[in-house]
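Numbering of the sequence shown is given in our numbering, commencing with residue 73 and proceeding in unit increments.
Note that CB positions come from ideal geometry on N, CA and C, so glycine has one too.
These figures come from a predicted structure and were not determined experimentally.
Contents: one structure, followed by commentary.
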Amino acid sequence: MNALKLSLAAALLCSFAACNQGTKTNSTAGTSDSSNVTLALDSTKFQKEIDGKKTNLYVLRNKNKMEAAFTNYGGRLVSLLVPDSSGKLVDVVVGFDSVEGFEKSTEPYFGATIGRYGNRIAKGKFSLDGKEYTLFTNNGVNTLHGGKKGYQYVVWDASQPDAHTLVLSYLSKDMEEGFPGNLKVKVTYTLTDDNELKMDYEATTDKKTVVNLTNHAFFNLNGEGSGTILNHSLQIFADQYTPVDTTLIPLGKNASVKATPFDFTTATTIGKRIEEANDQLKAGKGYDHNFVLNGTQGMGMTHAATVKGDKSGIVMDIYTQEPGLQFYSGNFMQSKNVFKGGAKDDFRTALALETQHFPDSPNQAAFPSTVLNPGQTYKTSSVYKFASK
Numbered sequence: 073m074n075a076l077k078l079s080l081a082a083a084l085l086c087s088f089a090a091c092n093q094g095t096k097t098n099s100t101a102g103t104s105d106s107s108n109v110t111l112a113l114d115s116t117k118f119q120k121e122i123d124g125k126k127t128n129l130y131v132l133r134n135k136n137k138m139e140a141a142f143t144n145y146g147g148r149l150v151s152l153l154v155p156d157s158s159g160k161l162v163d164v165v166v167g168f169d170s171v172e173g174f175e176k177s178t179e180p181y182f183g184a185t186i187g188r189y190g191n192r193i194a195k196g197k198f199s200l201d202g203k204e205y206t207l208f209t210n211n212g213v214n215t216l217h218g219g220k221k222g223y224q225y226v227v228w229d230a231s232q233p234d235a236h237t238l239v240l241s242y243l244s245k246d247m248e249e250g251f252p253g254n255l256k257v258k259v260t261y262t263l264t265d266d267n268e269l270k271m272d273y274e275a276t277t278d279k280k281t282v283v284n285l286t287n288h289a290f291f292n293l294n295g296e297g298s299g300t301i302l303n304h305s306l307q308i309f310a311d312q313y314t315p316v317d318t319t320l321i322p323l324g325k326n327a328s329v330k331a332t333p334f335d336f337t338t339a340t341t342i343g344k345r346i347e348e349a350n351d352q353l354k355a356g357k358g359y360d361h362n363f364v365l366n367g368t369q370g371m372g373m374t375h376a377a378t379v380k381g382d383k384s385g386i387v388m389d390i391y392t393q394e395p396g397l398q399f400y401s402g403n404f405m406q407s408k409n410v411f412k413g414g415a416k417d418d419f420r421t422a423l424a425l426e427t428q429h430f431p432d433s434p435n436q437a438a439f440p441s442t443v444l445n446p447g448q449t450y451k452t453s454s455v456y457k458f459a460s461k
């Protein structure tokens, strides 16, 4: 009888401890594909004061148990839980378990909302109406993703009107990072019950300027910590891409993808041709190029790409109103940072697919314009839709 009482007491203590472990933090839980253990994001690790503003963690949910976790520090997508082909939730976005992790990362763009100008501007210079503007050069001789303190380093004003929606706002002041005009920016992230992560961007200015906003999530559809993305299959709906010089600035003319390693017009594994002897692959140390979308339609937008994780069966379709898609194959990941699940950011263990206008458009008259005038509203939307097969 005493043995039975002891056994029951032990069971109750164990149950209580497990319950406490599951509820002691305001968290979002996911699954690490590499270790099959539950992860939890502790919201207190995202509560900090930076530049006099408070940071926090915001979690969006839908009826299918998908979760998207963001921090307003850099407007970052921290985690994205998606059901795989067996129904198990997989975290398909790499990132850190604290604001401090993002602050100290040697890669500044994990999950970030990017601006004022996503991608590169040659030699940190551009002209509007005959006036030259000079930017901070943070990528060799060029400006990348907004300069020294792009939007990935700012604390956005955040509101969460419902369980599906996060609204981020930021006033980018006149001449911040060298860009003219007080730019009012609003980005709305929505997680729908159709397993879509929608990204709606808006901006207005009081002075003529250039704008190119995007999100720089790093994806691994097999799950953070699951290894290389080279066996993911990728289809990009683009017949042309934008060749670049050795500093990754476009040469000025688009080129056909046909008979090149850049032909993803049919689903192809990312690693199939990435090591081919090719000057463009050499310049980017792999894929780090803009693809010129061909206008294939889907969901009332341009269908940009389809990616599938070879282990998870998770499929990500990207739709956008933008003319281009930057495909980056994780070529500069150097195992210097430890992600929230304990894995390092090893070489090519995540990819980015950024909907955008073309790199260096302010200096390339043949490219679609990125100029925004007073009285106009910059408005563009992209959707990342998930399924499993």
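### Task
Select from Glu204, Ser157 and Leu132 the residue whose C-alpha is nearest the C-alpha of alanine 459.
Looking at the Cα atoms, Ser157 is the closest of the given residues.
### Message
With a threshold of 8 Å on Cβ separation, who are the neighbours of glutamine 93 within its own chain once the five nearest residues in sequence on each side are excluded?
### Response
Unreliable placement is indicated for glutamine 93, whose pLDDT of 32 sits below 50; the coordinate value is still reported in the next sentence. Closer than 8 Å at Cβ, skipping near neighbours: no residue.
### Query
Nearest to asparagine 210 by CA position, among Gly202, Gly196, Tyr223 and Leu200, is which residue?
Gly196
### Message
Whole angstroms are fine: how far does the CA of histidine 429 sit from the CA of proline 180?
### Response
21 Å
#### Entry: Where aspartate 234 falls, given that 16 or more other Cβ within 10 Å makes a residue buried
exposed
### Task
Pick out the complete alpha helix (DSSP H) segments inside the stretch 163-233, 4 residues or longer, and give them in chain order.
171-176
### Identity of the residue in Lys279, Ala275 and Val239 nearest phenylalanine 251 by Cα
Among Lys279, Ala275 and Val239, the Cα nearest to that of phenylalanine 251 belongs to Lys279.
#### Entry: Residue from Glu175, Val282, Glu172 and Asp266 with nearest C-alpha to valine 257
Val282
### Message
Distance cutoff 9 Å, beta carbons only. Does serine 454 sit that close to anything in chain D?
### Response
Protein chain content of the structure displayed is limited to a single chain, and chain D is not contained in it.
### Task
Quick one: residues in its chain with C-beta nearer than 6 Å to the C-beta of valine 109, no 5 flanking neighbours on either side, listed in chain order?
With a pLDDT of only 32 at valine 109, under 50, the local geometry of the prediction cannot be trusted, and no value is derived from it.
### Per-residue burial, methionine 371 [other beta carbons within 10 Å of its own, 16 or more giving buried]
So methionine 371 counts as exposed.
### Message
Quick check on the burial criterion: 16 or more other C-beta atoms within 10 angstroms. Buried or exposed for lysine 412?
### Response
Buried.
### Query
Taking DSSP as the reference, what is the three-state secondary structure of glutamate 347?
coil
### Three-state secondary structure (DSSP) of alanine 437
In the three-state DSSP reduction, alanine 437 falls in the coil class, being neither helix nor strand.
### Query
For the beta strand (DSSP E) that tyrosine 67 lies in, which residues bound it at each end?
Absent from the structure is residue 67, since the part of the chain shown begins at 73 and ends at 461.
### Per-residue burial, asparagine 445 [other beta carbons within 10 Å of its own, 16 or more giving buried]
exposed
#### Entry: Terminal residues of the beta strand (DSSP E) in which arginine 148 lies
148-155 is the span of the beta strand (DSSP E), which, as asked, contains arginine 148.
### Message
Closest to methionine 138 by C-alpha separation, out of Glu121, Thr332, Val164 and Asn366, would be which residue?
### Response
Methionine 138 has its Cα closest to that of Val164, out of Glu121, Thr332, Val164 and Asn366.
### Task
Report yes if the CB atom of leucine 425 is closer than 9 Å to the CB atom of tyrosine 400, and no otherwise.
yes
### Neighbour-count burial assignment, valine 171, 16 or more Cβ in a 10 Å radius
buried
### Query
For serine 328, does the count of other Cβ atoms within 10 angstroms reach 16, so buried, or fall short, so exposed?
exposed
### Message
Quick check on DSSP: helix, strand or coil for alanine 355?
### Response
Helix.
### Task
Measure how close the beta-carbons of proline 431 and asparagine 362 come, nearest whole angstrom, since I'm counting them as under 8 Å.
The Cβ separation is near 6 Å, so the contact holds.
### Message
Please list the terminal residues of the continuous beta strand (DSSP E) segment that includes serine 158.
### Response
Here serine 158 belongs to no beta strand (DSSP E), and DSSP marks it neither H nor E.
### Message
Short of 6 Å in beta carbon distance, which residues of its chain neighbour asparagine 435, apart from the five on each side in sequence? Order them along the chain.
### Response
Cβ within range, chain order: Ala194 and Phe198.
### Message
Helix, strand or coil for threonine 452? Go by DSSP, reduced to three states.
### Response
strand
### Residues sharing a beta bridge with alanine 275, DSSP
Val257 and Tyr450
### Message
Quick check: what's the CA-CA separation for glycine 299 versus alanine 141?
### Response
22 Å
#### Entry: valine 443 versus phenylalanine 290 - alpha carbon distance
28 Å
### Query
Taking the alpha-carbon positions, what's the isoleucine 346 to phenylalanine 336 distance?
12 Å
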